[in-house]
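Its first residue numbered 1, the sequence shown is counted upward by one per residue in the numbering used here.
Note that the Cβ used here is the ideal one computed from N, Cα and C, for glycine as well.
The model shown is predicted, which means the values in this text are computed figures rather than measured ones.
The block underneath contains the structure these notes are about, expressed in structure tokens.
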Amino acid sequence: MSKLKSLLVNICRLLLALTFIFSGFVKSIDPLGTQYKIGDYLEALGLAGVVPEWVQLGTSIALSGLEFTLGVLILLAIQRRLVSKITVGLMVFMTIVSLWLTIGNPIQDCGCFGDAIHLSNTETFVKNVVLLFGAIVVMRYPLYQTRFISQNNQWIALHFTIIFIFAVSLLSLYHLPVFDFRPYYIGQNIKKGMEMPKGAKQTKYKTTFICTKNGVQKEFDESTYPYNDSTWVFVDTKQEVLEQGYEPPIHDFSITDDATGEDLTEQILTKEGYTFLLISPHLEVAQDRNFGNIDGIYEYAKENGYSFYGLTASTEQGIKHWRNVTGAEYPFYTMDGTTLKTVIRSNPGLVLLYKGTIINKWSHNDIPTIEELNAPLPMLTIGREPENNTWTKILAMILCYILPLVVLIIADRFLAWSKWVKKREMWLKEKEEWLIKHEQSTKLYQLLKRKRQMRKKIVAGNWKMNETLQEGVALATEINDALKADKPNCDVVICTPFIHLASVANVLDKDLVGLGAENCADKEKGAYTGEVSAAMVKSTGAEYVILGHSERRQYYAETAEILKEKVQLALANGLKVIFCCGESLEEREANKQNEVVKAELEGSVFHLSAEEWKNIILAYEPIWAIGTGKTATSDQAEEMLAYIRSIVADKFGKEVAEETSILYGGSCNAKNASELFSKPNIDGGLIGGASLKAADFKAIIDAWKK
Ligand code: 13P
């Protein structure tokens with residue numbers, strides 16, 4: 001079951017990580033495109049013009065970078081809990097936005113994947129619902145994500161990723177997007193991009209004519225239009241798409257001369273030779289730092305017989321402003337602003353056409369200088385279409401980012417492995433030394449063995465919040481009967497919810513099975529509604545109580561101080577205490593298990609007198625092993641129990657330590673019990689899930705017979 005859970009979590013995590021990395025990356029390499037999309041959203045919200053453009057650009061870079069970084073954090077399982085919560089938050093937000101887009105259709109394309117992949121609003125919504133589901137699964141079980149890099153080195157991967165993605169963004173902003181996903185890429189023949197392939201499906205429209213007569217308004221279609229009745233006065237038309245047909249990649253490239261109203265598209269795109277197009281959606285805000293080079297190119301074009309046009313969506317006033325600032329003499333024609341922003345992500349940007357094919361593009365920061373243009377274009381490299389260098393760019397990305405990251409991960413894994421090997425070697429050596437020291441001196445060994453035999457071997461069940469009263473009584477009866485038929489080799493205890501105690505006490509043979517509660521109050525008696533005191537537990541016939549269980553510490557905020565009170569009251573009322581301690585997965589991974597366990601014991605039981613200590617049984621239960629199916633290995637458990645015994649020895653002396661029963665708990669079952677119980681310091685088990693079936697519990701008890 002836990003394997004299946006782990007598989008599901010890791011599949012969801014991979015899906016989220018790859019989607020976030022891809023969508024974050026394609027937006028990061030096109031910061032202006034993402035800014036324009038943010039502008040579309042602001043317009044749809046009626047906030048056009050409220051947020052300054054530089055804020056939109058900053059937001060575009062920050063959001064895309066965050067998305068990419070989040071993807072990498074998920075992929076490498078860095079800060080698993082926090083990151084999984086942020087991911088759910090983000091996915092909830094994105095799902096709500098895409099629902100709004102699906103219902104209201106205020107924007108045609110959400111822009112999730114920049115220009116790389118276009119999804120319809122419904123597709124985006126479905127995608128987000130799937131990702132939200134995945135994010136919830138990962139948030140529910142964050143620790144099931146397999147780590148690729150240890151906690152100590154995670155910060156390197158995080159900072160490296162942030163630096164990389166912002167560098168890519170700024171580079172794309174300064175020059176042009178590293179990868180060009182728009183239809184105006186280098187090598188594209190614009191006219192070809194506008195063509196409809198033969199047999200392609202045409203879009204079908206429905207046109208409605210609105211006419212009035214004597215104050216009455218009526219709608220007609222083409223067949224019902226009152227051509228012969230002049231009393232109907234035409235008011236307006238409406239057009240709706242009945243069936244979407246094929247739309248060529250370029251469908252909105254149209255150049256107009258505003259002065260004459262002439263459409264120059266065909267003329268410019270079919271021109272023989274070279275044409276420079278200076279593209280500026282808005283001349284009023286265009287960067288004019290490099291106007292010297294632009295004017296120089298215009299002069300160069302004139303001298304060599306090439307065409308040079310400015311294309312803008314600005315008004316006459318904007319053009320005038322540009323001419324005043326830069327002294328531009330080249331003609332300006334008009335084109336749709338969105339199309340201009342799509343052609344080149346720079347304001348202004350320069351495009352070089354050869355017979356209608358885009359053969360080069362420059363951002364305003366990279367405009368060729370006069371010195372570079374020292375010969376006619378056919379003789380210069382910039383006059384020729386550069387070779388397709390997509391693979392070179394991909395390789396550069398791999399070398400600059402993926403390779404160092406992989407090297408970091410390999411180094412980290414190697415380091416972790418060698419640390420583990422070293423630790424294991426040390427442990428084996430210590431064990432060997434211990435064995436030599438202790439086993440060679442038979443006397444001492446025999447003494448220790450006897451001491452160990454003196455310690456009580458115990459198998460205790462913890463039913464937790466399971467079983468109704470009737471089921472509990474039946475289970476206790478079954479266990480009691482099984483042990484009556486086949487006597488155990490150890491002490492057996494079952495710890496049940498409060499409501500079972502009195503009834504279960506009636507069915508148990510006290511000499512065979514001890515009875516315990518799972519908790520008791522930290523107050524002696526009085527107005528504490530819902531609480532059950534140690535005295536009450538004792539009055540049911542119970543002799544034991546479990547205290548300090550990690551589930552009570554975690555879910556009911558039981559602190560060391562509260563537990564100290566409970567322990568004191570339990571002992572004062574003649575109960576034996578099974579006191580639990582254990583570390584979380586994070587704490588173990590940070591190698592803090594000894595310190596955690598020591599603090600838990602010091603906080604609640606190390607203050608006891610040697611006399612009181614006689615009624616304490618310790619149970620080491622690593623939190624990561626409880627109910628997870630992940631048992632600590634017998635060596636791990638032995639190592640920790642030996643440590644616990646050593647700190648008990650430091651506190652109460654060696655003799656007391658040798659007499660203290662210390663149990664192991666956490667996914668202990670019939671299969672692993674014998675191996676665990678064979679270890680010298682493990683005196684039995686505190687069993688959760690496997691104590692709910694008489695046969696399983698009995699099999700664990702029988703492990704002491706092997
Ligand atoms: P499991 O045996 O179900 O892992 O539970 C252990 C436990 O918490 C016993 O107290």
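Expressed to the nearest angstrom, what Euclidean distance is found between the alpha-carbon atoms of N360 and D366? Within the sequence shown, residue 360 is the residue found at index 360, counting from 1. Within the sequence shown, residue 366 is the residue found at index 366, counting from 1. Between the alpha carbons of N360 and D366 lies a distance of about 11 Å.
Can you tell me whether DSSP reads Q568 as helix, strand or coil? Reading the sequence shown from its first residue, position 568 is the one you call residue 568. Reduced to three states, the DSSP call for Q568 is helix.
Does the Cβ of I458 lie closer than 6 Å to at least one heavy atom of the ligand 13P? Translated into positions along the sequence shown, residue 458 becomes position 458. The answer is no for I458.
Contiguous alpha helix (DSSP H) assignments of at least 4 residues, all confined to the stretch 33-107: Entirely contained in the stretch 33-107, the alpha helix (DSSP H) runs reaching 4 residues are, in chain order, 53-76, 80-104.
Who are K206's beta bridge partners in DSSP? Stepping through the sequence shown from its first residue, residue 206 is reached at position 206. Its beta-bridge partners are E240.
Consider the C-beta atom of S667 and the heavy atoms of the ligand 13P; say whether any pair is separated by less than 6 Å. In the sequence shown, counting from the first residue as 1, residue 667 sits at position 667. Result yes, Cβ under 6 Å from the ligand 13P.
Going by alpha carbons, who is nearest to E655 out of A632, E586, K614? Translated into the one-based positions of the sequence shown, residue 655 becomes position 655. The shortest Cα separation from E655 among A632, E586, K614 belongs to K614.
How many angstroms separate the CA atom of F414 from the CA atom of V83? Along the sequence shown, one-based indexing puts residue 414 at 414. Along the sequence shown, one-based indexing puts residue 83 at 83. As the crow flies, the alpha-carbon of F414 is around 25 Å from that of V83.
State yes or no: is the C-beta of G707 within less than 7 Å of the C-beta of V51? Residue 707 cannot be examined here, being either before or after the span of the chain that is shown, 1 to 706.
Is any non-hydrogen atom of the ligand 13P found closer than 6 Å to the C-beta of I687, if you look at the structure I gave you? The sequence position of residue 687 within the sequence shown is 687, counting from 1. At a threshold of 6 Å, I687 counts as near the ligand 13P, since its beta carbon sits closer than that to one of the ligand's heavy atoms.
Is G349 buried or exposed, if buried means 16 or more other CB atoms sit within 10 Å of its CB? As a first step, residue 349 is located in the sequence shown; it is residue number 349 there, counting from the start. The Cβ neighbour count for G349, taken over all protein chains shown within 10 Å, is at least 16; the residue is labelled buried.
Does the CB of Y300 have a neighbour CB from chain C at under 7 Å? Absent from the structure: chain C. Only one protein chain is present.
Kindly provide the ranges of any alpha helix (DSSP H) runs that are 4 or more residues long and lie completely inside the stretch 222-295, ordered along the chain. If we require 4 residues or more, the alpha helix (DSSP H) runs fully inside the stretch 222-295 come out as 265-269.
Could you check whether Y274 and L377 sit closer than 7 Å to each other, using their CB atoms as the reference points? Translated into positions along the sequence shown, residue 377 becomes position 377. Translated into positions along the sequence shown, residue 274 becomes position 274. Result yes, Cβ atoms of L377 and Y274 sit closer than 7 Å.
Assigned exposure category for Q35 - 16 Cβ within 10 Å defines buried: In the sequence shown, the residue the question calls residue 35 occupies position 35. It counts as buried.
Grouping DSSP H, G and I as helix and E and B as strand, with all else coil, what is E219? Residue numbering aside, residue 219 sits at position 219 when the sequence shown is read from its first letter. Reduced to three states, the DSSP call for E219 is strand.
Verify the contact flag: G627, CB atom, against every heavy atom of the ligand 13P, threshold strictly below 6 Å. In the sequence shown, the residue the question calls residue 627 occupies position 627. Within the cutoff, so yes.
Taking only the alpha-carbon atoms, compute the straight-line gap between T208 and D236 and give it to the nearest angstrom. To locate residue 208, count along the sequence shown from 1; it is residue 208. To locate residue 236, count along the sequence shown from 1; it is residue 236. Taking the straight line joining both Cα atoms gives about 8 Å.
CB-CB under 7 Å to N189, same chain, minus the five flanking residues each way: which ones, in chain order? As a first step, residue 189 is located in the sequence shown; it is residue number 189 there, counting from the start. These residues qualify, in order along the chain: G356, T357.
Can you find the residues in the same chain that come closer than 8 Å, C-beta to C-beta, to S661, ignoring five residues on each side of it along the sequence? Within the sequence shown, the letter at position 661 stands for residue 661. Taken in chain order, the residues that qualify are R455, K456, K457, I458, I617, L618, D683, G684.
Is L311 near Y330, with beta carbons less than 7 Å apart? What you label residue 311 is simply residue 311 of the sequence shown in a count that begins at 1. What you label residue 330 is simply residue 330 of the sequence shown in a count that begins at 1. In this structure, L311 keeps its C-beta atom at 7 Å or more from the C-beta atom of Y330.
Closest residue to L70 among Q56, T87, R140, Y185 (Cα-Cα distance): Working through the sequence shown from its first residue, we reach residue 70 at position 70. In terms of Cα proximity to L70, the closest of Q56, T87, R140, Y185 is T87.
Kindly indicate the opening and closing residues of the beta strand (DSSP E) around I402. Counting from one through the sequence shown, the residue named residue 402 turns up at place 402. In the DSSP assignment, I402 falls outside any beta strand (DSSP E) and carries neither an H nor an E.
L283 classed as buried or exposed, judged by whether at least 16 other C-beta atoms fall within 10 angstroms: Residue numbering aside, residue 283 sits at position 283 when the sequence shown is read from its first letter. Buried, since its Cβ has 16 or more Cβ neighbours within 10 Å.
Which term fits F234, buried or exposed, when burial requires 16 or more other beta carbons within 10 angstroms of its beta carbon? Counted from its first residue, the sequence shown places residue 234 at position 234. With fewer than 16 other Cβ atoms within 10 Å, it is exposed.
Pick out whichever of K510, T59, T529, I74 has its Cα sitting closest to the Cα of T477. Stepping through the sequence shown from its first residue, residue 477 is reached at position 477. Selected option, being the one with the closest Cα: K510.
Identify whether C12 lies in helix, strand or coil by the three-state DSSP scheme. As a working note, residue 12 is residue 12 in the sequence shown. Collapsing the DSSP output to three states places C12 in a helix.
Based on the DSSP secondary-structure assignment, which residues constitute the bridge partners of F579? For this step, residue 579 is matched to residue 579 along the sequence shown. DSSP lists L547, L618 as the beta-bridge partner residues of F579.
DSSP-derived helix/strand/coil call for V513: Numbered from 1 along the sequence shown, position 513 holds the residue referred to as residue 513. Residue state, collapsed to three classes: strand.
If you check the beta carbons only, do T102 and N121 fall under 7 Å apart? Counting from one through the sequence shown, the residue named residue 102 turns up at place 102. Counting from one through the sequence shown, the residue named residue 121 turns up at place 121. Cβ distance < 7 Å, so T102 and N121 count as in contact.
Comparing the CB of Y462 with every heavy atom of the ligand 13P, is any distance shorter than 6 Å? For this step, residue 462 is matched to residue 462 along the sequence shown. Per the sequence presented here, residue 462 reads as Asn, with Tyr not at that position. It does: the Cβ of N462 is within 6 Å (strictly closer) of some heavy atom of the ligand 13P.
Backbone secondary structure at Y445 - three-state DSSP: Sequence index remark: in the sequence shown, residue 445 carries index 445 (1-based). Any reading at Y445 needs caution, since the residue's pLDDT is 49, under 50, leaving its predicted position unreliable; the model's value is listed next. Reduced to three states, the DSSP call for Y445 is helix.
Beta strand (DSSP E) segment containing V532, residue limits: For the purposes of this step, residue 532 is taken as the residue at position 532 of the sequence shown. Following the DSSP letters along the chain, one finds V532 in no beta strand (DSSP E), marked with neither H nor E.
Distance, G514 Cα to I499 Cα: Here residue 499 is taken as the residue at index 499 of the sequence shown, counted from 1. Here residue 514 is taken as the residue at index 514 of the sequence shown, counted from 1. When rounded, the separation of the alpha-carbon atoms in I499 and G514 is 16 Å.
Can you tell me whether DSSP reads I410 as helix, strand or coil? To locate residue 410, count along the sequence shown from 1; it is residue 410. In the structure shown, I410 sits in a helix (DSSP, three-state: H, G or I).
Can you give, in chain order, each stretch of the beta strand (DSSP E) that sits fully within the stretch 616-666 and has at least 3 residues? Scanning the stretch 616-666 from its first residue to its last, the whole beta strand (DSSP E) runs of 3-plus residues come out as 616-620, 662-665.
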